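Heads up: the sequence shown begins at 228 in the numbering used here, then just goes up one per residue. Built from N, CA and C at the ideal position, the CB exists for glycine as well. Owing to the predicted nature of the structure, the values given are computational and were not obtained by experimental measurement.
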Amino acid sequence: MRHKPTPFLVNPVAIDTRTDITTQMLPDDYAVKVTADEDGQETELVFEGRDFERKFFSEETNLSFTRCFFDHAKRDPLTGEIGKKICFAVSRQHATKLVTLLNAEATRRWPEVYGAGSDFAVQVTSDQPGAQQMAMDFANNNLNGKSKWRAAEFRDYDTSRTRV
């Protein structure tokens, strides 16, 4: 008998992934002093929350998100594999960064399943050829083939190799 994963989305769970930058942005805007010209004059730049990953970028925050995701993601109760997820980014450029970080972390944690060229996470945006088919394949548990997670034990387990 083939086991099929639950075919619906579940409610999100909020997890605190604040960094120094995001903590500073919560009550007010985020301000940073930069040297603006040759005479060493400092200028204060002020960013609002919606400017994150649009006008200023924080590798620390993206890494914190990635680590928190792996540490707290819901797992498949049968196999222990991270359940399928949909993540939203503020821009296509931000999505590319998140996919890169998620794949690197999956490779670091599970090199035997997600080695070099990992497809743990895949960017699906409207500007990509085949995006609609990719979304359908993800929904139908077949994006980039079938999962290899504990493959010897779960040969008939029908779930997508790509998890995010």
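CA-CA distance, C314 and A378? Position 87 of the sequence shown, counted from the first residue, corresponds to residue 314. Position 151 of the sequence shown, counted from the first residue, corresponds to residue 378. Whole-angstrom Cα-Cα distance: 26 Å.
With 16 as the cutoff for other CB atoms within 10 Å, does N238 come out buried or exposed? If you number the sequence shown from 1, residue 238 lands on position 11. Exposed is the call here.
Cβ-based neighbour list, R336, same chain, cut-off 7 Å, excluding 5 preceding and 5 following: Position 109 of the sequence shown holds residue 336. Taken in chain order, the residues that qualify are F297.
Our contact map puts F381 next to T306 with C-beta atoms below 8 Å; I'd like the distance itself, whole angstroms only. Taking the sequence shown and counting its residues from 1, one reaches residue 381 at position 154. Taking the sequence shown and counting its residues from 1, one reaches residue 306 at position 79. That pair is a contact at about 6 Å.
Distance between beta carbons of A322 and T352, contact taken as under 8 Å: Numbered from 1 along the sequence shown, position 125 holds the residue referred to as residue 352. Numbered from 1 along the sequence shown, position 95 holds the residue referred to as residue 322. 6 Å between Cβ atoms; contact.
Can you list, in chain order, the residues of its chain with a C-beta nearer than 7 Å to that of M228? Leave out the 5 residues immediately preceding and following it. Counting from one through the sequence shown, the residue named residue 228 turns up at place 1. Low per-residue confidence applies at M228: pLDDT is 46, beneath 50, and the placement is therefore not dependable, though the value from the model is reported in the following sentence. So no residue of the chain qualifies.
Would K311 be called buried (16 or more neighbouring beta carbons within 10 Å of its own) or exposed? Taking the sequence shown and counting its residues from 1, the one referred to as residue 311 is at position 84. Answer is buried; the Cβ neighbour count reaches 16.
Neighbourhood of A348 by C-beta, 6 Å cutoff - its chain only, sequence neighbours within 5 removed: On the sequence shown, residue 348 is found 121 positions in, with the first residue counted as 1. Counting only Cβ-Cβ distances below 6 Å, and skipping sequence neighbours, we find V326, L329, N330 and V391.
Can you list, in chain order, the residues of its chain with a C-beta nearer than 8 Å to that of R319? Leave out the 5 residues immediately preceding and following it. The sequence position of residue 319 within the sequence shown is 92, counting from 1. The residues are Q350, T352 and D354.
Are the Cβ atoms of K373 and D385 separated by less than 9 Å? As a first step, residue 373 must be located in the sequence shown, where it is residue number 146. As a first step, residue 385 must be located in the sequence shown, where it is residue number 158. Their beta carbons are under 9 Å apart, which means K373 touches D385 by this criterion.
For the alpha helix (DSSP H) containing T323, list its first residue and its last residue. Numbered from 1 along the sequence shown, position 96 holds the residue referred to as residue 323. R319 to R336 is the extent of the alpha helix (DSSP H) around T323.
Reduced DSSP secondary structure (H/G/I, E/B, other) of R294: Here residue 294 refers to the residue found at position 67 when the sequence shown is read from its first residue. Three-state result, R294: helix.
Would the beta-carbon of K324 fall within 9 Å of that of A316? In the sequence shown, the residue the question calls residue 324 occupies position 97. In the sequence shown, the residue the question calls residue 316 occupies position 89. Contact: yes.
Which first and last residues belong to the alpha helix (DSSP H) in which Q350 is found? Locating residue 350 in the sequence shown gives position 123, counting from the first residue. Note, Q350: premise wrong, no alpha helix (DSSP H); not H, not E.
Taking C-alpha atoms, which residue in D383, Q359, D346 and G357 lies nearest to N371? Residue 371 sits at position 144 when you count from the first residue of the sequence shown. It is D346 whose Cα lies nearest to the Cα of N371.
Measuring alpha carbon to alpha carbon, tell me which of D383, G357, Q359 and E308 ends up nearest T389. Translated into the one-based positions of the sequence shown, residue 389 becomes position 162. Comparing Cα-Cα distances from T389 to each of D383, G357, Q359 and E308, the minimum goes to E308.
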